[in-house]
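**Student:** The structure follows.
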Amino acid sequence: MALLPILRYPDPRLHKIAAPVEHVDESVRKLAADMAETMYEAPGIGLAATQVDVHRQVIVIDISEDKSQLLTLINPEILELAGEQVCEEGCLSVPGVYEKVSRAERVKVRALNLRGESFALEAEGLLAVCIQHEVDHLQGKVFVEHLSRLKQTRIKSRLAKQARITA
Ligand code: GNR
Ligand code: NI
């Protein structure tokens, strides 16, 4: 296993669109394992391959307290969205920024697991938020793009300033 470096907003590579995985092979299982290790170490509750500069449709999620509920979604497809909730979101690619985002309350998603088998999952609450946040990443969208232009500009300048300080 290996820890992978996480891209930081506003890196343009965060806007690349991930390609579907054609075969769930050892390279995909290795990627998912490395992503899970990276997510747990961060720590975060989700990670999309886009964030580690791999533009393939792979997501890992674990919203449990004790790291016991690892979910891997390959080629996720959102089948249904229902209701609305507002959740304060953060992102490992936008460190230190937490903002309220409105999303669907419930989501039904179909994906492949690590054995290449198709499964469907219905989620609500935080898990539903996390799935939508990660699927956005695979489509090149960072959560701040749900915010006003003004907030996006402020966040960009704050992160650029931070990057100058830490450089
Ligand atoms: O760790 C994370 N926490 C989080 C909190 C609220 C809504 C979404 C998230 S996902 C985030 C990890 C991450 O950046 N995934 O892409
Ligand atoms: Ni994120």
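Read in my numbering, the sequence shown has 112 at position 107, and its numbers run on one by one without any break. Think of the CB as a built atom: it goes at the ideal place given N, C-alpha and C, for glycine as much as any other residue. Here the structure is a predicted model, which means the values were calculated and not measured.
#1: Can you give me the C-alpha to C-alpha distance between alanine 24 and leucine 155, rounded to a whole angstrom?
#2: With a floor of 3 residues, list each beta strand (DSSP E) that falls wholly inside the region 89-116, ordered by position along the chain.
#3: Thinking glutamate 94 and histidine 138 are a contact (beta carbons under 8 Å), I'd like their distance in whole angstroms, please.
#4: Start and end of the alpha helix (DSSP H) containing leucine 131?
#5: Using CA atoms only, rank isn't needed, just tell me which of Leu19, His20, Leu76 and Asp16 is closest to methionine 44.
#6: Could you tell me which residues DSSP pairs with phenylalanine 124 in its beta bridges?
#7: Among Leu132, Ile170, Glu150 and Thr171, which has the Cα closest to the Cα of proline 15?
**Tutor:** Taking the definition as stated:
#1: The count along the sequence shown starts at 1 and reaches residue 24 at position 19. The count along the sequence shown starts at 1 and reaches residue 155 at position 150. Taking the straight line from one Cα to the other gives about 31 Å.
#2: 90-94 and 104-108
#3: Working through the sequence shown from its first residue, we reach residue 94 at position 89. Working through the sequence shown from its first residue, we reach residue 138 at position 133. Confirmed, Cβ separation roughly 6 Å.
#4: Residue numbering aside, residue 131 sits at position 126 when the sequence shown is read from its first letter. Per DSSP, leucine 131 belongs to the alpha helix (DSSP H) from 130-143.
#5: Taking the first residue of the sequence shown as 1, we reach residue 44 at position 39. The shortest Cα separation from methionine 44 among Leu19, His20, Leu76 and Asp16 belongs to Leu76.
#6: Within the sequence shown, numbered from 1, the residue matching residue 124 stands at position 119. Partner(s): Ala116.
#7: Residue numbering aside, residue 15 sits at position 10 when the sequence shown is read from its first letter. Taking only the C-alpha atoms, the option nearest proline 15 is Glu150.
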